[in-house]
Each structure stands twice: as structure tokens, then as C-alpha cells.
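What follows is one structure encoded as C-alpha cells, with my remarks underneath.
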Amino acid sequence: MKLVGESVRSFTSRYPNVRFDFFSASTAELVQRLDEGLLDCAVLVAPVDMKKYNYLKFPESDRFGLLLHRENPLTRNREIRPEDIGNLPVWVARQQLESNMLSSWLGRDVESLNILATFNLITTPAMMIEMGIGMAFTFENLVRTEGTDLLFLPLRPNVEADLYLVWKKHGPQTRVSEKFLKQVKKDFSKARSGESPSAES
Numbered sequence: 013m014k015l016v017g018e019s020v021r022s023f024t025s026r027y028p029n030v031r032f033d034f035f036s037a038s039t040a041e042l043v044q045r046l047d048e049g050l051l052d053c054a055v056l057v058a059p060v061d062m063k064k065y066n067y068l069k070f071p072e073s074d075r076f077g078l079l080l081h082r083e084n085p086l087t088r089n090r091e092i093r094p095e096d097i098g099n100l101p102v103w104v105a106r107q108q109l110e111s112n113m114l115s116s117w118l119g120r121d122v123e124s125l126n127i128l129a130t131f132n133l134i135t136t137p138a139m140m141i142e143m144g145i146g147m148a149f150t151f152e153n154l155v156r157t158e159g160t161d162l163l164f165l166p167l168r169p170n171v172e173a174d175l176y177l178v179w180k181k182h183g184p185q186t187r188v189s190e191k192f193l194k195q196v197k198k199d200f201s202k203a204r205s206g207e208s209p210s211a212e213s
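Residue numbers for the sequence shown follow the working numbering, so the first one is 13 and each next one is one higher.
As C-alpha cells, then:
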């Protein structure tokens with residue numbers, strides 16, 4: 013989201029009267045809102061059926077791993093392997109139950125885990141984990157761990173997912189959303205070439 017943030021900063025410096033409305037939810041909820049015309053665009057995690065959408069692929073993928081308390085014995089490792097999980101209590105996002113990304117890494121059905129709770133956003137699980145309640149499978153950059161009792165450890169074998177900014181192929185776009193997507197395309201292009209997006213762009 014930092015790359016999108018750069019686009020927001022550039023855009024609002026040029027158009028200060030524009031107000032953004034951010035909505036955080038699971039992939040399924042975001043796709044539904046896109047299809048109903050309630051969102052101009054959305055950041056989605058692969059796999060996504062792109063037939064209905066135009067899209068931009070983010071220059072970098074995101075690592076999947078385990079969010080846990082710093083005093084958890086597993087933090088002695090620098091990475092998490094399937095055999096490390098055992099029967100330990102874990103938080104699992106609802107969409108992870110429906111995709112095969114986690115089950116492929118585990119080598120078994122996700123439902124075979126000791127699932128403490130399911131969730132759609134990592135905010136509440138992160139708070140609970142900092143209290144010492146379980147650990148959660150999540151992406152690396154969704155929770156800030158600096159200055160907290162939280163630690164992120166990547167999975168081994170490595171699991172990464174591509175991220176996409178998507179918007180509907182068919183259906184009207186407002187002038188504001190068209191201009192913003194143009195800004196995002198410019199910033200994505202700069203990021204791919206190694207150039208930092210600029211507020212003056």
C-alpha cells in the first residue's frame with residue numbers, strides 16, 4: 013500500500029479537493045463491491061479471475077508467513093516450516109480456507125490445523141497475538157511489528173503472492189478515478205524502473 017500511498021500523495025497535491033474513501037475487506041468482499049460498482053478500484057491478492065477487470069500488477073510480490081508473539085518458542089527459528097506448526101493454535105483468514113495456497117505449503121488440509129479463530133482482517137488477531145493468544149498466517153507488510161511484541165517469520169518453502177490493482181473493464185469511470193488510475197500507472201512504471209515516485213509527478 014506504500015506505492016498506492018505515493019500515488020495518493022501526488023494526486024492530492026495536485027487535486028487538494030479530492031477526498032478518498034478506503035475500504036478494507038477480504039478479496040471476496042472487494043470483488044463483490046467492484047462488481048456492484050461500489051468501488052472504483054481495489055488491491056487484490058492472486059489468484060484472481062481477471063476476465064472482468066483491467067489491472068496493474070504491483071512491481072513486487074508479498075511474502076506469506078506467521079505473525080507471532082516475540083516470546084513464542086518458534087521465534088528461535090528464522091523461518092517457519094510446516095512441521096513447526098504441529099497442533100499449535102492458529103488464526104486463519106477465511107479466504108485461506110477457500111484457497112489452496114496455505115494447504116499446498118502445509119501438505120495437508122488447512123482444516124486439519126488447530127484453528128483458534130478465523131478472521132477477515134488482521135487487525136484484531138494482531139492485537140490478540142500481542143496478548144499471547146495464538147499466531148496468525150498473514151502477509152509480511154500488513155502489520156507493523158516495530159516497537160511491539162509482535163514478530164513476522166517467513167514460511168519455508170517460500171510462499172509469495174502477486175498483488176494487483178484492478179478495476180472493471182466495462183462500466184463508467186468517473187473523471188476523478190480515471191485521472192487517479194493514470195497517476196497510479198505512472199507511479200507503477202517508475203517503481204518498476206527503480207525510480208522513486210515524486211509528489212511532482
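All residues carry an ideal CB built from backbone N, CA and C; glycine is no exception. Bear in mind that the values here come from a model prediction, so they are computed numbers and not experimental data.
Beta-carbon contacts of residue i that lie in its chain and below 6 Å, excluding the five residues immediately before and after
i      : result
Arg82  : Asp161 and Leu163
Arg192 : Checking the sequence shown, residue 192 turns out to be Phe, not Arg. Closer than 6 Å at Cβ, skipping near neighbours: Phe23.
C-beta atoms of residue i and residue j nearer than 8 Å
i      : j      : result
Leu177 : Tyr67  : yes
Gly146 : Pro85  : no
Arg204 : Pro71  : yes
Leu56  : Leu78  : no
Ser38  : Glu172 : no
Val188 : Ser19  : no
Ser25  : Leu133 : no
Ala105 : Phe76  : no
Trp117 : Leu167 : yes
Gly206 : Gly49  : no
Counted within 10 angstroms of its Cβ, other Cβ atoms place residue i as buried (16 or more) or exposed
i      : result
Leu80  : buried
Tyr65  : buried
Phe200 : buried
Phe151 : buried
Ser124 : exposed
Phe149 : buried
Gln108 : buried
Ala40  : exposed
Val122 : buried
Val155 : buried
Pro137 : buried
Simplified DSSP state of residue i, which is helix, strand or coil
i      : result
Phe142 : With the sequence shown as reference, residue 142 is identified as Glu, and Phe is not the correct amino acid for it. Helix.
Leu15  : helix
Asn132 : coil
Arg31  : coil
Val178 : strand
Glu158 : coil
Pro169 : coil
Ser213 : Low confidence applies here, because Ser213 scores a pLDDT of 47, under 50, leaving its location unreliable; read the following figure in that light. Ser213: coil per DSSP, three-state reduction.
Residues near residue i by beta carbon distance below 8 Å, same chain, minus five either side
i      : result
Thr186 : Asp52
Beta-carbon proximity list for residue i, same chain, < 7 Å, skipping 5 on both sides
i      : result
Asn153 : Asp74
Ala54  : Leu42, Leu46 and Val178
Any alpha helix (DSSP H) of 4 or more consecutive residues that is wholly inside the segment 97 to 127 = 106 to 110 and 113 to 118
Whole beta strand (DSSP E) runs in the segment 17 to 98 with 3 or more residues, listed along the chain?
-> 54 to 57, 65 to 69 and 74 to 81
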